[in-house]
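Residue numbers (the UniProt record's numbering): 1 to 280.
Cβ atoms here follow ideal geometry from the backbone N, Cα and C, with glycine treated the same way.
First up is the structure itself, then whatever we jot down about it.
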């Protein structure tokens, strides 16, 4: 069995979200002392805070946090009595710390100059990146950690594989493919962000063709083209990439913390006899 610190390092290296659970307060008889830790991922647990129903409840709460995408820490008080199915009789306060939460699932269509400048920037963020192109030779020999290369003769088929709420960036070498990808992304219309590389002229042409396919103005307004931060005027691939990455960050930061809850102070979670000491 991994100890918690090895498991945490391994999960973070793989980019897999988890919750670090720590006993931060104990009173009376408890199965383990303050400072004991365990790590809980969506499918595994590592180390222990004492087993029994306390650990089961900790796993349940941690996985609820993972499923909701909660980013904030959380404190929870447990009385180790009959209601919890344990007979220790003590009190434990647990700290739940989400670790390695992914802020964005990003799909980059195109491995050209801008794509090769952009993907390493995205890989350095708390994101998971799918990098999609039909031309395997365009990908660098070594991919950044956390990037999945997808070589597909039909990049359009990859749209159906994207999770809802994805960030979609279209910058292929083929304008017709860009148009077909744009139509498929807009048809799903469940993305968090959709950016299309190109000028204002390209946008006008694409909007005209997409309207002919039945897309209304409100849907087309969700398409960012030109994409990127407007104040960045440079045309070098790395300058364009930085402006796009900045817009991605601004977009996911707008929703940062939407699942958070305010944690109770530790003192309020302790029994009255201990609470008075903690407030001194």
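Return the chain-ordered list of same chain residues with a C-beta closer than 7 angstroms to the C-beta of residue i, the five sequence neighbours on each side being excluded.
{"i": "residue 239", "result": "232"}
{"i": "residue 62", "result": "19, 21, 40, 96"}
{"i": "residue 127", "result": "102, 103, 104, 106"}
{"i": "residue 179", "result": "206, 209"}
{"i": "residue 188", "result": "159"}
{"i": "residue 152", "result": "132, 134, 158"}
Looking at C-alpha atoms only, which residue of the options is the closest neighbour of residue i?
{"i": "residue 230", "options": "171, 97, 65, 245", "result": "245"}
{"i": "residue 50", "options": "181, 42, 59", "result": "59"}
{"i": "residue 228", "options": "248, 218, 213", "result": "248"}
{"i": "residue 250", "options": "234, 125, 133", "result": "125"}
{"i": "residue 236", "options": "182, 254, 112", "result": "112"}
{"i": "residue 146", "options": "36, 3, 129", "result": "129"}
{"i": "residue 110", "options": "90, 169, 203, 164", "result": "169"}
{"i": "residue 214", "options": "183, 118, 225", "result": "183"}
{"i": "residue 284", "options": "122, 154, 123", "result": "As shown, the chain starts at 1 and ends at 280. That puts residue 284 outside it, with no answer to give."}
{"i": "residue 65", "options": "142, 98, 171", "result": "98"}
{"i": "residue 226", "options": "217, 204, 218", "result": "204"}
{"i": "residue 43", "options": "17, 177, 176, 199", "result": "17"}
{"i": "residue 148", "options": "14, 216, 35", "result": "14"}
Excluding the 5 residues preceding and the 5 following residue i in the sequence, name in chain order all residues of the same chain whose CB lies nearer than 8 angstroms to its CB.
{"i": "residue 220", "result": "186, 207, 210, 211"}
{"i": "residue 224", "result": "193, 194, 195, 196, 247"}
{"i": "residue 173", "result": "110, 112, 135"}
{"i": "residue 48", "result": "32, 36, 38, 55"}
Please classify residue i as buried or exposed, where buried requires at least 16 neighbouring CB atoms within 10 angstroms.
{"i": "residue 167", "result": "buried"}
{"i": "residue 45", "result": "buried"}
{"i": "residue 74", "result": "buried"}
{"i": "residue 282", "result": "In the structure as shown, the chain starts at 1 and stops at 280, and residue 282 therefore has no counterpart that could be examined."}
{"i": "residue 23", "result": "buried"}
{"i": "residue 160", "result": "exposed"}
{"i": "residue 190", "result": "exposed"}
{"i": "residue 193", "result": "buried"}
{"i": "residue 140", "result": "exposed"}
{"i": "residue 197", "result": "buried"}
{"i": "residue 165", "result": "exposed"}
{"i": "residue 234", "result": "exposed"}
{"i": "residue 201", "result": "exposed"}
{"i": "residue 136", "result": "exposed"}
{"i": "residue 243", "result": "buried"}
{"i": "residue 70", "result": "buried"}
{"i": "residue 216", "result": "exposed"}
DSSP beta-bridge partners for residue i?
{"i": "residue 179", "result": "According to DSSP, residue 179 bridges with nothing at all."}
{"i": "residue 99", "result": "18"}
{"i": "residue 107", "result": "130, 168"}
{"i": "residue 211", "result": "None, per the DSSP bridge assignment."}
{"i": "residue 224", "result": "195"}
{"i": "residue 78", "result": "92"}
{"i": "residue 59", "result": "In DSSP, residue 59 forms no bridge with anything."}
{"i": "residue 45", "result": "40"}
{"i": "residue 149", "result": "131"}
{"i": "residue 23", "result": "94"}
State the CB to CB distance for the pair residue i and residue j, rounded to an integer number of angstroms; the pair is presumed to be in contact (CB under 8 angstroms).
{"i": "residue 107", "j": "residue 156", "result": "The pair is not a contact, with the Cβ atoms about 12 angstroms apart (cut-off 8 angstroms)."}
{"i": "residue 12", "j": "residue 100", "result": "5 angstroms"}
{"i": "residue 4", "j": "residue 57", "result": "The pair is not a contact, with the Cβ atoms about 18 angstroms apart (cut-off 8 angstroms)."}
{"i": "residue 33", "j": "residue 26", "result": "6 angstroms"}
Does the CB of residue i have a neighbour CB from chain B at under 9 angstroms?
{"i": "residue 207", "result": "Here there is only one protein chain, and chain B is not present."}
For residue i, I'd like the list of residues in its chain whose CB is within less than 6 angstroms of its CB, leaving aside the five on either flank, ordered along the chain.
{"i": "residue 8", "result": "39"}
{"i": "residue 117", "result": "237, 238, 241"}
{"i": "residue 120", "result": "144"}
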